[in-house]
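Undergrad:
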Amino acid sequence: MSRSLLSLLLAAVAWAGCRGPQTPIPVVGDIEQLRGEWRGEYWSAQSGRSGTIIFNLQSTSDTARGDVMMIPAEPVARMPDPGGIPELSSRPQPLTVSFVRCLEGGVSGRLDPYRDPVCGCLLLTTFSGRITADTIKGTFVTVHQDMGRRVEGVWRAVRTRGQ
2 MSRSLLSLLL AAVAWAGCRG PQTPIPVVGD IEQLRGEWRG EYWSAQSGRS
52 GTIIFNLQST SDTARGDVMM IPAEPVARMP DPGGIPELSS RPQPLTVSFV
102 RCLEGGVSGR LDPYRDPVCG CLLLTTFSGR ITADTIKGTF VTVHQDMGRR
152 VEGVWRAVRT RGQ
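For the sequence shown, my numbering begins at 2 and goes up steadily by one.
1) Per DSSP, what are the beta-bridge partners of L96 in this structure?
2) Taking buried to mean at least 16 other C-beta atoms within 10 Å of its own C-beta, is T133 buried or exposed?
3) State the DSSP-derived secondary structure class of E105, mapped to helix, strand or coil.
4) In the DSSP assignment, the beta strand (DSSP E) including I32 goes from what residue to what residue?
5) With DSSP as the reference, please indicate the residues paired to T126 in a beta bridge.
6) Just mark C103 as buried or exposed, buried being the case when its beta carbon has 16 or more other beta carbons within 10 Å.
7) Which residues in the same chain as V155 place their Cβ atom closer than 8 angstroms to its Cβ, once the five residues preceding and following it in sequence are excluded?
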């Protein structure tokens, strides 16, 4: 196993074991379509970034709990404090899903704003997709709030447990 793959695997395991309870996400619409545990991935040919999606909707509530784990495919140079030297990082970054709407087989939502690991600027991400049986396929758009630059990508998640 390569050193970079091993360090990425260890970082993902550490993230999963050390993170606190996930924040509840309000769900609007037909929540029955989203019940269960979903796992998948996202990627953007435009940015070269990819990551893991983990999303869970419990059967006794109208809120979901979920995270998107941003795992750089290659180490990225982080901008240092002024006067510092850029550092390479391949650490996973957990992102919080803040809202989900589910109507007539479609799902849409947004992530809480987060910082770009390279430039440090604020990013705003929205997503949408179609639910077919136990699979959701969709697209996302990330907007760099400071620069106005848009990055698009695709995502896919499969229900792994429950319904």
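Every residue, glycine too, gets a C-beta built ideally from N, C-alpha and C.
TA: Taking the geometry as given:
1) L96 pairs with V69.
2) Label assigned to T133: exposed.
3) When DSSP states are grouped into helix, strand and coil, E105 belongs to the coil group.
4) Neither: I32 is in no beta strand (DSSP E) and is coded neither H nor E.
5) The partner list for T126 (beta bridge, DSSP) reads T143.
6) buried
7) Y43, W44, S45, K138, G139, T140 and F141
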